[in-house]
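Novice: Here it is, the structure, as structure tokens.
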Amino acid sequence: MPFNLEDLQQHNSGLLNLLTEHLPDMLWVKDLDGKYLYTNKAICDGLLMAKDTEEPIGKGDVFFALRERETHSDKPNWHTFGELCFNSDQVVIDTDKAMRFEEYGNIKGKLLYLEVYKAPFYDSEGKVLGTVGTGRDITELKNIQLDLQESLRILEKQREQLEFQANHDALTGLPNRVLFMDRLNQFIELSKRTGKVMAVLFIDLDSFKEINDSLGHDIGDKVLVEVSNRMKMHMRSSDTLSRLGGDEFSIILNNLTDTEDITNIIINGMESFKKPFLVDNNTLHISMSVGISLYPNDGDTAHSLLKNADAAMYKAKQNGRNTYSFYDEEMTKKAYERIFLETELRKALKNDELTVYYQPQMNAGNEKVVGMEALVRWIHPEMGMIFPDRFIPLAELTGMIVSLDRVVMTKAIKEFKKWYELGLNPGKISLNLSIKQLEEEDFFDFIKELVESSECLFKNIEFEVTETQVMNNPEESISALRKLNDLGINISIDDFGTGYSSLSYLKRLPINKLKIDKSFVDNLPNDPEDSAITKTIVSLCKSLSLDVIAEGVETQEQKEFLLANGCSLIQGYLYSKPIPAQEMQKFLEKYNKR
Ligand code: C2E
Ligand code: CA
Ligand code: CA
């Protein structure tokens, strides 16, 4: 049955008219294009601003929205109901479902919220003809709801502020003692799980009382703020700095792998205090005394760690202020030794105190020298010869290893070249290479330049990299080592057996040789396990077509065992300790001139 307006109006009996015209709710009927077929008085007055219920017929919401916008043209960006209503009509028609919407827009300069219900209606064959709808003004309700939400937000903010105030120092904004102890307890729990070392630093400013007394509390307060700012700059994001009160601060350093880190952080922090503080035109020199306690060594509760850090701080004060002290005296001694050694090593590099010793690598089958390992020795002007075990780890930690290795390489390659020229057939020169070196962009150029300018051959150079270092970063190592290997340089894996190589990496690494670690050689031939490991490494090398050498060979029995099991390359005290260059030359003359 075709649909038309007259049909509809016929159905508008008197009773229905009475209802729709007097209800406060808005009622309407629209066709498929969103044009009004029917409107009651409430929608004409409250939403459409139509002069009577006839005016909207045949027009859509967009028409009224535009008209409303024009009457308030001073506010062109006003959101109006128009498109919103049209779109929700379409949704109802497209989905063929009755739906509830919340619609809002500006009417007569005010924001109006409507709760709207829209439903499709059909002809007798079930075809959708348009939509019917009701709308109710819920602006007041909505405003109450919005006010309530705003009040809750303010309350939440105040609660946060109160909580912050309860846990923070008002002057510096740093965590206070309460929060500090709380965090400390949390970090103790964390360290229990990770097994990592944690340090508590107790810091007391050295001359704060004098500043307060002579310049007044205002300046004193400003100093404390400046001090806390400067401290913050030297901390990692995971560290917690707090003000315990007065001029006392405390820091939790967690997640430490090495106690060396602590000394570094403290030294840097103290170093940063050397620059004077400028406060209200006063130039102030401020230093601090730092006490350190370590978890788990010096205590396993927040209370004991803080107490012991405090006690250590007093020791630092007694030691003349502007210094630090560990709770454990032994640690303080070690830290000082390390700082001393670091300074001395820097001087050593500058003053050319490093020299190279050589340890022959022999072919035990024919008793010829096939190469030699360059091992650094530090000849200190007062302390005499210092062995690498004492300073290589420090050099690694501080990055000095990069220059150190380059010094050794330069000296060794030059000396080694001479032995070639003398016809001593020194074989290959093995150079220990720290993996840190490979992270230096210019290393590749450095070594190329060095080898070429010394007129040495790449194939006579061998780098020893330790298994542990390579396996810490296998992918990067593989690509860096490949570049060197492509030049013709040999790569040997040092201390093999002490790290955790996976076979798949071993296959991919561009290597030529494995060096069986001394710890396995030590107990040959009697220890069944070490014998088995040694044999396994030798056969691994066979199957991967790698050379194999044993280090730390001291006895005839060890040598015989190795020879019998297919490892003829040998390095160790049995043949020679590491020796200075002149002696190495004599050694070559003795073995290789025969
Ligand atoms: P390494 O590379 O495993 O060197 C072998 C160490 O074992 C050397 O100690 C050597 O003197 C010692 N050794 C050799 N044969 C025997 C033996 O038969 N018995 C015993 N008991 N010891 C033996 P050194 O020279 O003190 O070097 C220690 C470590 O320092 C080296 O271990 C190496 O890791 C590192 N190193 C030495 N020189 C350098 C260098 O120039 N650069 C780098 N990055 N590391 C170096
Ligand atoms: Ca080595
Ligand atoms: Ca080794």
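Its first residue numbered 1457, the sequence shown is counted upward by one per residue in this note's numbering.
Glycine included, every Cβ here is placed at the ideal spot set by N, Cα and C.
1. Excluding five sequence neighbours on each side, which residues of the same chain lie with their C-beta closer than 8 Å to the C-beta of L1567?
2. Would H1690 pass as a contact of N1724 if the rule is Cβ separation under 8 Å?
3. Measure from the alpha carbon of Y1792 to the alpha carbon of each residue in V1653, E1716, L2019, then state which is nearest.
4. Could you tell me whether any non-hydrogen atom of ligand 3 is closer than 7 Å to the CB of K1873?
5. Hey, T1587 and D1638 are a contact pair by Cβ (cut 8 Å); roughly how many whole angstroms apart?
6. Count the other C-beta atoms from every protein chain shown that fall within 10 angstroms of the C-beta of V1977, then say buried if there are 16 or more, exposed otherwise.
7. Are the Cβ atoms of I2005 and Q1817 separated by less than 8 Å?
8. On the premise that E1477 lies in contact with K1497, defined as a C-beta separation below 8 Å, what is that separation, rounded to the nearest angstrom?
9. Where does I1600 land, buried or exposed, given buried means 16+ other C-beta within 10 angstroms?
10. Measure the CB-CB distance between Q1925 and I1891 and report whether it falls below 8 Å.
11. Sorry if obvious, but does the Cβ on D1950 come closer than 7 Å to a heavy atom of ligand 2?
12. Give the single residue among D1550, K1598, P2036, R1592 whose Cα lies nearest to the Cα of I1835.
13. Excluding five sequence neighbours on each side, which residues of the same chain lie with their C-beta closer than 8 Å to the C-beta of F1577?
14. What's the gap between the Cα of L1630 and the Cα of I1722?
15. Reducing DSSP to helix, strand and coil, say where A1506 ends up.
16. How about L1503 and I1563: do their beta carbons lie closer than 8 Å?
17. Leaving out five residues on either side along the sequence, give the residues of the same chain with a beta carbon under 8 Å from the beta carbon of D1756.
18. Is E2051 helix, strand or coil by DSSP?
19. Hey, how far is the Cα of L1965 from the Cα of K1939?
20. According to DSSP, P1816 sits in a beta bridge with which residue or residues?
21. With DSSP collapsed to three states, give me the class of M2040.
22. Hey, would you say I1885 sits closer than 8 Å to G1827, going by beta carbons?
23. Does DSSP put A1575 in a helix, in a strand, or in coil?
24. Using a Cβ-based criterion (distance less than 7 Å to any ligand heavy atom), does E2013 qualify as near ligand 2?
25. Going by Cα to Cα distance, which pick from D1951, N1819, K1867 is closest to E2016?
26. Report whether the distance from the Cβ of E1829 to the nearest heavy atom of ligand 2 is below 7 Å.
27. May I ask you to verify whether the region 1614-1632 touches the region 1514-1522, counting CB pairs closer than 8 Å and requiring at least 3?
28. Report the three-state DSSP secondary structure of F2117 (helix, strand or coil).
29. Taking the C-alpha atoms as reference points, what is the distance between K1574 and K1598?
30. Can you round the beta-carbon distance between V1907 and I1869 to whole angstroms, since I take them to be within the 8 Å contact cut?
31. How would you call F1796, buried or exposed, if buried means at least 16 neighbouring beta carbons within 10 angstroms?
Specialist: Based on what the coordinates show:
1. The count along the sequence shown starts at 1 and reaches residue 1567 at position 111. Result list for L1567: Y1560, G1561, T1595, in chain order.
2. Within the sequence shown, numbered from 1, the residue matching residue 1690 stands at position 234. Within the sequence shown, numbered from 1, the residue matching residue 1724 stands at position 268. Yes.
3. Locating residue 1792 in the sequence shown gives position 336, counting from the first residue. For the residues V1653, E1716, L2019, the minimum Cα distance to Y1792 belongs to E1716.
4. Walking along the sequence shown from the start, residue 1873 turns up at place 417. No - ligand 3 has no heavy atom lying nearer than 7 Å to the Cβ of K1873.
5. Within the sequence shown, the letter at position 131 stands for residue 1587. Within the sequence shown, the letter at position 182 stands for residue 1638. Wrong, their Cβ atoms sit about 60 Å apart, outside the cutoff.
6. As a position in the sequence shown, residue 1977 is number 521, starting the count at 1. By the neighbour-count rule (16 or more Cβ atoms within 10 Å), V1977 is buried.
7. If you number the sequence shown from 1, residue 2005 lands on position 549. If you number the sequence shown from 1, residue 1817 lands on position 361. Contact flag set, yes.
8. Numbered from its first residue, the sequence shown carries residue 1497 at position 41. Numbered from its first residue, the sequence shown carries residue 1477 at position 21. Sure, about 5 Å apart at Cβ, within 8 Å.
9. Position 144 of the sequence shown holds residue 1600. Exposed, by the Cβ-count rule.
10. In the sequence shown, counting from the first residue as 1, residue 1925 sits at position 469. In the sequence shown, counting from the first residue as 1, residue 1891 sits at position 435. Their beta carbons are under 8 Å apart, which means Q1925 touches I1891 by this criterion.
11. For this step, residue 1950 is matched to residue 494 along the sequence shown. Because some heavy atom of ligand 2 lies under 7 Å away, the Cβ of D1950 counts as near it: yes.
12. One-based indexing of the sequence shown puts residue 1835 at position 379. When each option's Cα is compared against that of I1835, the closest is P2036.
13. Your numbering for residue 1577 matches position 121 in the sequence shown. So the list reads V1485, V1584, L1585, G1586, T1587, V1588, once near-sequence residues are dropped.
14. By 1-based counting over the sequence shown, the position of residue 1630 is 174. By 1-based counting over the sequence shown, the position of residue 1722 is 266. Looking at the two C-alpha atoms, the distance is approximately 19 Å.
15. Position 50 of the sequence shown, counted from the start, is the residue given in the question as residue 1506. The answer is coil: DSSP assigns A1506 none of H, G, I, E or B.
16. Here residue 1503 refers to the residue found at position 47 when the sequence shown is read from its first residue. Here residue 1563 refers to the residue found at position 107 when the sequence shown is read from its first residue. Yes, these two residues count as a Cβ contact at 8 Å.
17. Here residue 1756 refers to the residue found at position 300 when the sequence shown is read from its first residue. If we look at D1756 and ignore the five residues flanking it on each side, its Cβ neighbours are I1644.
18. This structure cannot speak to residue 2051, because the chain is shown only from 1457 to 2050.
19. Counting from one through the sequence shown, the residue named residue 1965 turns up at place 509. Counting from one through the sequence shown, the residue named residue 1939 turns up at place 483. About 11 Å.
20. Numbered from 1 along the sequence shown, position 360 holds the residue referred to as residue 1816. DSSP output for P1816 lists M1828 as bridge partner(s).
21. Walking along the sequence shown from the start, residue 2040 turns up at place 584. It is helical.
22. Reading the sequence shown from its first residue, position 429 is the one you call residue 1885. Reading the sequence shown from its first residue, position 371 is the one you call residue 1827. Their beta carbons are under 8 Å apart, which means I1885 touches G1827 by this criterion.
23. Position 119 of the sequence shown, counting from 1, holds the residue named residue 1575. The answer is strand: DSSP assigns A1575 an E or B state.
24. Taking the sequence shown and counting its residues from 1, one reaches residue 2013 at position 557. Answer for E2013: no, Cβ out of range of ligand 2.
25. Here residue 2016 corresponds to residue number 560 of the sequence shown, with the count starting at 1. Among D1951, N1819, K1867, the Cα nearest to that of E2016 belongs to N1819.
26. Taking the sequence shown and counting its residues from 1, the one referred to as residue 1829 is at position 373. Yes, the Cβ of E1829 comes within 7 Å of a heavy atom of ligand 2.
27. no
28. No answer is possible for residue 2117: it lies beyond the span of the chain, which begins at 1457 and ends at 2050.
29. Position 118 of the sequence shown, counted from the start, is the residue given in the question as residue 1574. Position 142 of the sequence shown, counted from the start, is the residue given in the question as residue 1598. Between K1574 and K1598, the C-alpha separation is close to 20 Å.
30. Start at 1 with the first residue of the sequence shown, and residue 1907 comes out as number 451. Start at 1 with the first residue of the sequence shown, and residue 1869 comes out as number 413. Right, the Cβ-Cβ distance comes to about 7 Å (below 8 Å), so this counts as a contact.
31. Here residue 1796 corresponds to residue number 340 of the sequence shown, with the count starting at 1. Flag for F1796 reads exposed.
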